[in-house]
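Q: If you count by UniProt numbering, then the sequence shown holds residues 1 to 245, one letter each, in order. All C-beta atoms, glycine included, are put in the ideal place defined by N, C-alpha and C. Sharing a structure here in structure tokens format.
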Amino acid sequence: MPVIDGYKVLYILLHSLYTIFENIWRTLLFIYQNCIRVINPESTVDDADQLKKRLSRLTKKPQHLTIIIGVEEYSLVDLANLVYWCLGLNIPYVSFYDYKDNLKKHEEKLQQIVESKKLENINIIWHTHAEQRHKNGFLGPKIHVKVLTSADGKQSIVNVTKKLALNKEKDISKEKISELLLRQYEFPDPEMAIICGKKLNIYNYPPWQLRLTEFFKVNKVNNITFPVFVEKLEKYSKCEQRVGK
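Right, here's the structure in full:
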């Protein structure tokens, strides 16, 4: 009897795990299949099929996409769409850098818009407060989102300088400073940046984060429709990044 009970427990455990992973898979599939239809509702079936084919041919996607917003106006809904496009295409990190720092004032509203579209088992981790970004135990698809300001780069330098002074570092090298700056930033370096503005300008974005970044430009945030987003990903996919060359 104890052996039979053991098998029952094992069966229940395996069945529960299967159910959890099946639900995760269905959620991922749902996001992918509806990404084009929901966010780009004006597309025809043929357009959607063509976009799916183009996406399937991508040889690489960025782990971290950063959106650099210049002086142009933008809609929070457009930014929310970008979060969900990244989520649906398995881009785990997305950041928004607003040169005028207005987005930071409206970050809570952006969160509300994004959360209002959220499906069950989807985890959107906002790097606004420490308790949010260090929370563990997420199940299902997830994405990390961060809003940057022009002050973040300056503050990072101040924090690193204080740390070096407190630790009384004797061997201060460029590599050591870069390492400490990266820790301050929390996200991996962005491999891809979309600059939203009439000029190709990084608008005082922290330069040490952009060593390996491929840049693409649109005039305004609202110019980034889903087909345009796919087009930029295709161009990124074809880029050959040569580290240290």
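1) Alpha carbon to alpha carbon, how far is Y84 from I36? Give it in angstroms, no decimals.
2) Using the three-state DSSP reduction, which class does K146 fall into: helix, strand or coil?
3) So K109 and L76 are in contact, right, with Cβ under 8 Å, and what is the actual spacing, rounded?
4) Under the three-state reduction of DSSP, which class applies to D49: helix, strand or coil?
5) Look at the alpha carbon of I67 and the alpha carbon of D49, and state the distance between them as a whole number of angstroms.
6) What did DSSP end up calling E214 once you bin it into helix, strand or coil?
7) In terms of DSSP beta bridges, what is I67 paired with?
8) Can you give the beta carbon distance from I125 to V145, rounded, assuming they're within the 8 Å contact cut?
9) Closest to K220 by CA distance: which of F187, V71, S95 and K104 is it?
10) So, under 8 Å CB-CB, I143 and V218 are touching, yes? Tell me the CB distance rounded to an integer number of Å.
11) What residues in its chain sit with their C-beta under 6 Å from that of D98, if we drop five residues either side in the sequence?
12) List the endpoints of the continuous alpha helix (DSSP H) containing I125.
13) Return yes when the Cβ of I202 is within less than 9 Å of the Cβ of F216, no when it is not.
14) Between E120 and V147, how many whole angstroms is the CB-CB distance? I'm expecting something under 8 Å.
15) Tell me, to the nearest whole angstrom, how far the beta carbon of L51 is from that of P227; I am working on the premise that it is less than 8 Å.
16) Closest to N90 by CA distance: which of I113, K60 and H127 is it?
17) Alpha carbon to alpha carbon, how far is C239 from F187?
18) Is the beta carbon of S237 closer than 9 Å to that of N204?
19) Going by alpha carbons, who is nearest to H223 out of F96, G197, K118 and L58?
20) With 16 other CB atoms within 10 Å as the buried threshold, where does N81 fall?
A: In brief:
1) Any answer about I36 is weak, because its pLDDT of 48 lies below 50 and its placement is not dependable; what the coordinates show is given next. When rounded, the distance between both Cα atoms is 11 Å.
2) Correct three-state label for K146: strand.
3) The distance from the Cβ of K109 to that of L76 is about 6 Å, consistent with a contact at the 8 Å cut-off.
4) Three-state result, D49: helix.
5) Going by the C-alpha atoms only, they are around 27 Å apart.
6) Note: E214 maps to strand in three-state DSSP.
7) In the DSSP output, where bridge partners are listed per residue, I67 has F96 and I194.
8) 7 Å between Cβ atoms; contact.
9) Nearest of F187, V71, S95 and K104 to K220, Cα basis: V71.
10) For a cut-off of 8 Å, the C-beta gap from I143 to V218 is around 21 Å, too long to register as a contact.
11) Excluding sequence positions up to five before and after D98, its CB lies within less than 6 Å of the CB of I69, all in the same chain and listed in chain order.
12) No alpha helix (DSSP H) holds I125; the beta strand (DSSP E) holding it covers N123 to W126.
13) 9 Å or more divides the Cβ of F216 from the Cβ of I202.
14) A Cβ-Cβ distance of about 25 Å is found for the pair E120 and V147, leaving them out of contact under the 8 Å criterion.
15) Right, their Cβ atoms sit about 6 Å apart.
16) Of the residues I113, K60 and H127, the one whose Cα lies closest to the Cα of N90 is K60.
17) So the two alpha carbons sit approximately 22 Å from each other.
18) In this structure, S237 does not lie closer than 9 Å to N204 by Cβ.
19) It is worth fixing the name first, because residue 223 is Asn in this sequence and not His. Comparing Cα positions, the closest option is G197.
20) Answer is buried; the Cβ neighbour count reaches 16.
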